[in-house]
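Heads up, the sequence shown is in the working numbering, so the first residue is 13 and it goes up one at a time. Note that the Cβ used here is the ideal one computed from N, Cα and C, for glycine as well. Model, not experiment: these values are computed from the prediction. I have placed the structure first, in the form of structure tokens, so that the comments after it can refer back to it.
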Amino acid sequence: MSNQAKTGEKRKQRPFEDVPTTNSFSALKMFKLSKSASSSPAPSTSDNEYNDNSDYNDDNYSVFKPNKTTDNSNSQSRLEDNSKSNKKHQKDILEKRFDKNVISTFTPNNSNVFYSNKKNSNLSIIGLKKGEKICFKGVVAVACIYGSFSIYGHVVSSNSSISQLFNKNITQENFENTLKSCINNIAFYPAFSPKSHGLLVIESLHNSLKTFLPPKVPEFTEQEDTKELETELYDLIKSVRLSYDRFDTLVVLKTMEWCNISDIEKQMPSFKYLFNMNKKDFTEDMDQIIKYNINPCFGIREFYPLYKTYIGHTALKIPPSWFEGVHQFKRNILSNDLNSLPVVAITGSKNMGKSTFSRYIVNSLLNCCNEVAYLECDIGQSEFTPSGMISLHIISSPILGPSFTHIQQPYRSFYIGASTPKQNPEYYLNCINELYKTYMMEVAHKSNTFTPLIINTHGWTRGIGFDLLIQILRNIKPMYIYQFAFPENSSNAGKNLPDLSEIVNGDNNSPYLCRSIVIYTIDEINIRQKYNPIENRTLNLLSYFSRDNNELNEIHSISSIRRGWWNFREAFSEKIPYQVFWRDVNIQILYADVPNSQILYALNGSIVGLISDTTQYSRIGVNNNQNQPVSEKALEPYLQLKIISSEQYMIDPSRQQCVGIGIIRSIDPSSGKFYIITPVSQDALSRVNLIIRGANYDLPSCIYMSGFETSKDELPYCTFTLAEGIGSVEKRIRHTLQRKKSMTNTD
């Protein structure tokens, strides 16, 4: 029988650009999907998803299936009514895809926007009145020189040495002299607003609003190449001095094109226009602004203020329950009304906004605390590291952007090597307990006041996942449990978890009982997944391995060296690897028994954890389960490998630390070396003596193809041929398949 007869009618080959991206290149094999054969439409490659081929056309909906009747007029009437109902339903769907909150309320004109007419202008000053908002897409550094504004829950205020200059009683000479001496006290906050997440909003506050802590003063070093930038800012501030009293807030915008984050758009087709806009469409939409002779981007490159709705673009919206819940915790900290350590846990199912809320609460707490500790327990969607790690972080600057924009080195971390703790839940709990012990002993009492701790829990709230969640809360006993829930009138209200504080407290008579604070999930339009979890993990991984220095997300001054934070233009095949001798490290494969003869195959081209470990292990020789003699020549390349049995993978967390992750680019058996790509510093790598390979943690296809996007040559580790035979591909668990008893007869 021919292949065509086996598979049915031959389907049209879909071009590579339309193939859905996955986290494993081996999955990109002979995709033969068509619109009629696939269960879901191919992803659109343009921002406008509603073109002539859109799935929202009338022809793509089954209109009505009439009952058997002889009354043709009644049947026709029902068809017409149902057609109108379907059209209304389509219209409602379209309206839900547009978020009106992205429309900025600030109207720019020649009297409230100040920027240089130079071709390579880097700065602009915006004058805002109380309540005016700017919703923007892109990347920019923001600072305040008069009044205050809020962004992602953090209040940015002007430094006193700068704000006092805006006083009509100060002479022009004193103004100029003082400004020159304190211009480097202006703190610039990096803000990242990609379309993959809710777009950031700058909102002017009343100029009398004061934060609990004075604005941070950035460190700086005088550089010759920043003198021109200082002069530009100096001239702009002088130009707004005479008109400052017409505004409640003066915001300085500085270009951050130099950080190179927008180059991530070229790594995968689905990342196109992640930060940038289609300039042709954007310029046409800004005709109303251009007629005032105002640059639509205020002279700032890669900064796009929005004045109309765009498909796939939503604004960050903070519900009242979030503000009230965080304010209650801040009030306890400020009044020193603490019966226990200021520890809170964020709980809830997947896709309810836990990550967004965790950033919001950190930013809000940084207005009254110098530092905030953050314990990441969600190894599938980590906030500050690639997935597969449990980590403790000390945050001192607001996090204004999604996770891939602020990847950083943790205070302490452990490598799980998977996106879920189900393979070894006991070790997962031990790691969390060890990190909490580290917080108690080294972080909590570091200053005169307690450093608050935010615990971000996983979204796995069924079965073992729920048991793990309860065990974490019982071990740590947080002051508050922020419990995400759907509103009572929501169709998803049945998915809400029971009151976790009652379960955690139990029959405990201790006066230090935790309390639950219900946090309602944000609107559906805000939590709609624009990128799936695999794509989000890919963004984090690309950001991690493309870091060019360790200054990410730091507050900086106008004189800070403008050195790129990322380098996405350097292909992974061009990165210089570290060489590691086999004799210098132990090797361990988690969650699987791999014959020693296959260890090198399992490690080559894989992601590994780089561990500093003090545990004493027994060395295992070459696998010889059948007690057959093995020739000395066959043993020779493996004698240097120090392989730890998978039975010993219950590492004591108190004896180890993960310094980062790496990619084993290649292996040289003749010299006994691994070649590893990693952004970890050489000083930290000197402590690594254990390499761990996890499970189900594969490289995304874009890394395999990095540097060979236009090449038609055969690439290593890559194939487009279909894998054949039992065991040729990994068995996937399909949670969407129903049990036989739950299936209904549709005949």
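Residue of the options minimising C-alpha distance to residue i
i	options	result
phenylalanine 315	Ser425, Leu211, Asn363, Leu465	Leu211
threonine 533	Gln483, Gly324, Ala497	Ala497
aspartate 625	Asn701, Gly684, Ser585	Asn701
asparagine 171	Ala153, Phe148, Thr183, Ile195	Ile195
isoleucine 137	Phe110, Phe259, Val151, Gly143	Phe259
phenylalanine 118	Ile675, Phe310, Gly621	Phe310
lysine 329	Asp111, Ile611, Val692, Asn445	Asp111
asparagine 290	Asp695, Tyr322, Trp270	Tyr322
lysine 149	Ser274, Gln600, Gly706	Ser274
arginine 595	Lys654, Pro331, Cys381	Lys654
isoleucine 402	Tyr439, Gly392, Ser425, Thr473	Ser425
alanine 505	Ile619, Met364, Cys271	Met364
tyrosine 285	His209, Lys239, Lys250, Tyr319	His209
isoleucine 599	Ile623, Gly576, Gly617, Ile588	Ile623
valine 338	Ser528, Gln628, Ser723, Gly621	Ser528
isoleucine 656	Ser609, Ile601, Asn288	Ile601
serine 408	Val384, Gln421, Pro398, Thr417	Val384
tyrosine 543	Tyr556, Pro414, Asp605, Ile488	Pro414
alanine 417	Phe204, Ser723, Glu726	Contrary to the premise, residue 417 reads as threonine rather than alanine in this sequence. When each option's Cα is compared against that of threonine 417, the closest is Phe204.
lysine 250	Glu185, Cys526, Gly706	Glu185
asparagine 348	Pro464, Ser503, Pro499	Pro464
glutamine 393	Val692, Leu551, Leu140, Thr326	Leu551
arginine 332	Pro490, Asn189, Gly165, Leu265	In the sequence under discussion, the amino acid at residue 332 is proline, which differs from the arginine named in the question. Ranking the options by Cα distance to proline 332, first place goes to Gly165.
Residues near residue i in its chain [Cβ-Cβ closer than 6 angstroms; skip 5 each side]
i	result
glycine 471	Ser361, Lys362
serine 160	Val167, Ser169, Leu217, Leu221
arginine 486	Val516
glycine 475	none
glutamate 61	Because the pLDDT at glutamate 61 is just 36, under 50, the model does not fix this residue reliably, and the value given afterwards should be weighed accordingly. Ile323, listed in sequence order.
proline 317	Ser116, Ile146, Phe148
Limits of the unbroken beta strand (DSSP E) element including residue i
i	result
arginine 371	Element bounds for arginine 371: not the beta strand (DSSP E) but the alpha helix (DSSP H), 366-377.
glycine 337	No beta strand (DSSP E) contains glycine 337, which is instead part of the alpha helix (DSSP H) from 332-346.
glutamate 242	Careful: glutamate 242 lies outside any beta strand (DSSP E), inside the alpha helix (DSSP H) at 239-252.
threonine 261	261-267
Residue j beta carbon less than 8 angstroms from that of residue i
i	j	result
proline 510	leucine 480	no
lysine 278	phenylalanine 580	yes
lysine 449	phenylalanine 593	no
isoleucine 466	tyrosine 386	yes
leucine 135	glutamate 244	yes
tyrosine 423	glycine 400	no
tyrosine 687	glutamine 591	yes
phenylalanine 341	tyrosine 451	no
cysteine 380	isoleucine 406	no
tyrosine 603	glutamine 435	yes
phenylalanine 294	arginine 253	no
tryptophan 578	arginine 549	no
leucine 711	isoleucine 619	yes
cysteine 271	valine 151	yes
valine 455	glutamine 495	no
phenylalanine 287	histidine 568	no
Other residues of its chain near residue i: CB distance less than 7 angstroms, five sequence neighbours each side excluded
i	result
threonine 469	Ala357, Ile358, Thr359, Cys389, Asp390, Leu481, Ile484
glutamate 242	Ile195, Ile570, Ser571
alanine 583	Ser718, Gly719
asparagine 197	Asn171, Ser173, Ile174, Val229
phenylalanine 283	Ile276, Glu277
serine 133	Tyr127, Gly311
tyrosine 256	Tyr158, Phe178, Leu262
serine 754	In this predicted model, serine 754 has a pLDDT of only 47, less than 50, meaning its place in the structure is not dependable; the value taken from the coordinates is given anyway. If we look at serine 754 and ignore the five residues flanking it on each side, it has no Cβ neighbours.
proline 202	Ala153, Met268, Leu412, Asn565
glutamate 446	Pro665, Ser666
threonine 763	Outside the displayed range of the chain (13 to 759) lies residue 763, so it cannot be described from this structure.
The alpha helix (DSSP H) enclosing residue i, as first and last residue numbers
i	result
lysine 142	Segment: none, lysine 142 is in no alpha helix (DSSP H) and carries neither H nor E.
asparagine 363	Segment: none, asparagine 363 is in no alpha helix (DSSP H) and carries neither H nor E.
alanine 614	611-615
tyrosine 716	713-716
Own chain residues within Cβ distance below 8 angstroms of residue i, not counting five before or after
i	result
glutamate 586	Gly719
lysine 145	Ser116, Thr117, Phe118, Val213, Ile214, Glu215, Ser216
glycine 143	Thr117, Glu215, Ser216
serine 459	Asn382, Glu383
| field | 4 or more residues per run - each alpha helix (DSSP H) lying fully within the region 157-195 | value | 172-175, 184-194
| Complete runs of the alpha helix (DSSP H) confined to the region 434-518 [at least 4 residues] | 437-450, 476-488, 512-517
| task | Could I get the ranges of all uninterrupted alpha helix (DSSP H) runs contained in the region 677-701, with 4 residues as the minimum, in chain order? | result | 694-697
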